[in-house]
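Worksheet: one structure, shown below.
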Amino acid sequence: MTHSTANSILVERPEIIRDVSNSTVIADVQKPLGAWERLYRVPLLRKGLILLALALIWEIYGRWLDNPLLFPPFSAMLQAFTADLGNGIIPARTLVSLQTLVIGYAMGILLAALLTTVAIGSQIGTDLLETMTSMLNPLPAIALLPLALIWFGLGSGSVIFVLVHSVLWAIALNTHAGFRSVSNTLRMVGRNYGLSGLGLVRHILIPAAFPSILTGLKVGWAFAWRTLIAAELVFGVSSGSGGLGWYIFENRNQLETANVFAGLFTVILIGLIVENGVFATIERRTIRRWGMQH
Numbered sequence: 113m114t115h116s117t118a119n120s121i122l123v124e125r126p127e128i129i130r131d132v133s134n135s136t137v138i139a140d141v142q143k144p145l146g147a148w149e150r151l152y153r154v155p156l157l158r159k160g161l162i163l164l165a166l167a168l169i170w171e172i173y174g175r176w177l178d179n180p181l182l183f184p185p186f187s188a189m190l191q192a193f194t195a196d197l198g199n200g201i202i203p204a205r206t207l208v209s210l211q212t213l214v215i216g217y218a219m220g221i222l223l224a225a226l227l228t229t230v231a232i233g234s235q236i237g238t239d240l241l242e243t244m245t246s247m248l249n250p251l252p253a254i255a256l257l258p259l260a261l262i263w264f265g266l267g268s269g270s271v272i273f274v275l276v277h278s279v280l281w282a283i284a285l286n287t288h289a290g291f292r293s294v295s296n297t298l299r300m301v302g303r304n305y306g307l308s309g310l311g312l313v314r315h316i317l318i319p320a321a322f323p324s325i326l327t328g329l330k331v332g333w334a335f336a337w338r339t340l341i342a343a344e345l346v347f348g349v350s351s352g353s354g355g356l357g358w359y360i361f362e363n364r365n366q367l368e369t370a371n372v373f374a375g376l377f378t379v380i381l382i383g384l385i386v387e388n389g390v391f392a393t394i395e396r397r398t399i400r401r402w403g404m405q406h
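As structure tokens, this is what we get:
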């Protein structure tokens, strides 16, 4: 086929023209969300509906069982919770527990940071952290309470000791794993800017490993909170006043089952506030803002 023949074929080929001016069907580029869909996209509302459903199931089962001593309805628990909230008993017990928790949690974080810093600085430090965690992490914190009572006596020091043990290893493990997952490229970028030692940890390793660090903080908080309640149940009064665990223990001895559930409800409520309030805010202002999580 010659060049002139090819040109003639191209010229004579009919063009395909689509007339869309008279088209009456136009697809929606973005369909607006309905009212239910907009509400469904609110996480707080979804979780609230789940809690409401659980409370309804609780109420129905409690009324069907009809044995307040064994399992009071949700309304009876709520009445006991409101009464002790109004007379100041639950706030006072909660304050005692939270004060002890904050001290133990903060000390656990500091020790975990120290161990992790030593671990990333040398191979001996890494071996030390791995050996310590493999030995002590499987050991339940509450199992150390008898020894803590011998070493620190009947005071808050014993509870703080078991809290530090419950917090330390979870945070140290997750932080160390996060540091080890940081790519060499980021490390070299930091060294090119003259960073080394604590400067490299602060400006490069911590931001890059913060998802793992935050996970460790969440796990450490959960371990510390339940260890504290268990220690107060076994240990009892600290310095003349008891926490939420002691509140539950007292009402159990007095067969005030509704008040026992009110204490458990307070423990759950504080856990929800910390998880969906404190940690969710930290995650929103750090990990999601930095583009590490969708």
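For the sequence shown, the working numbering gives the first residue as 113, with consecutive numbering after it.
Each residue gets a CB set at the ideal place from its N, CA and C atoms; glycine is no exception.
Nearest-angstrom beta carbon gap, residue 274 and residue 478 [assumed within contact, 8 Å]: What the structure shows of the chain is the stretch from 113 to 406, and residue 478 is not part of that stretch, so it cannot be assessed.
How many Å lie between residue 257 and residue 324 at the Cα? Answer to the nearest angstrom: the Cα atoms are 29 Å apart.
Candidates 379, 187, 262, 196: closest to residue 210 by CA position: The option with the nearest alpha carbon to residue 210 is 379.
Do the region 367 to 375 and the region 185 to 195 meet, that is, are 3 or more Cβ pairs less than 8 Å apart? Because the criterion of three Cβ pairs below 8 Å is met, the region 367 to 375 and the region 185 to 195 touch.
Burial state of residue 270, where buried means 16 or more other Cβ atoms lie within 10 Å: Looking at its Cβ environment, which holds 16 or more other Cβ atoms inside 10 Å, residue 270 is buried.
Measure the beta-carbon distance from residue 386 to residue 332 and round it to whole angstroms, keeping in mind my assumption that it falls under 8 Å. Rounded, the Cβ-Cβ distance is 12 Å, inconsistent with contact.
Could you please give the first and the last residue of the uninterrupted alpha helix (DSSP H) stretch that includes residue 291? Membership of residue 291 in the alpha helix (DSSP H) is indicated by the continuous run 268 to 292.
Alpha helix (DSSP H) runs contained entirely in the region 318 to 395, provided each spans 4 or more residues: Complete alpha helix (DSSP H) runs here, min 4: 318 to 347, 356 to 365, 369 to 385.
Using only the alpha-carbon positions, how far apart do residue 286 and residue 327 sit? In a straight line, the C-alpha of residue 286 is about 7 Å away from that of residue 327.
Less than 6 Å between C-beta atoms, sequence neighbours within five positions excluded: which residues of the same chain meet that for residue 396? The answer is none, since no qualifying residue turns up.
Would you give the residue range spanned by the alpha helix (DSSP H) that residue 408 belongs to? For the chain, the structure presents residues 113 to 406; residue 408 sits outside this window and is missing.
Residue 243 - DSSP class collapsed to helix/strand/coil: Here residue 243 sits in helix by DSSP.
In terms of residue numbering, what span does the alpha helix (DSSP H) encompassing residue 155 cover? Judged by DSSP secondary structure, residue 155 falls within the alpha helix (DSSP H) whose first and last residues are 155 to 177.
Assuming contact is defined by CB atoms lying nearer than 8 Å, are residue 320 and residue 298 in contact in what I supplied? Note that the C-beta distance between residue 320 and residue 298 is below 8 Å.
Taking the beta carbon of residue 294 as the centre, do at least 16 other beta carbons fall within 10 Å, making it buried, or is it exposed? So residue 294 counts as buried.
For residue 335, which option in 232, 250, 312 has the closest C-alpha, if you only look at C-alpha atoms? It is 250.
Sorted by chain position, which residues of the same chain lie with C-beta nearer than 6 Å to residue 185's C-beta, five sequence neighbours on each side aside? Cβ neighbours of residue 185 within its own chain (closer than 6 Å, five residues either side excluded): 171, 174, 175.
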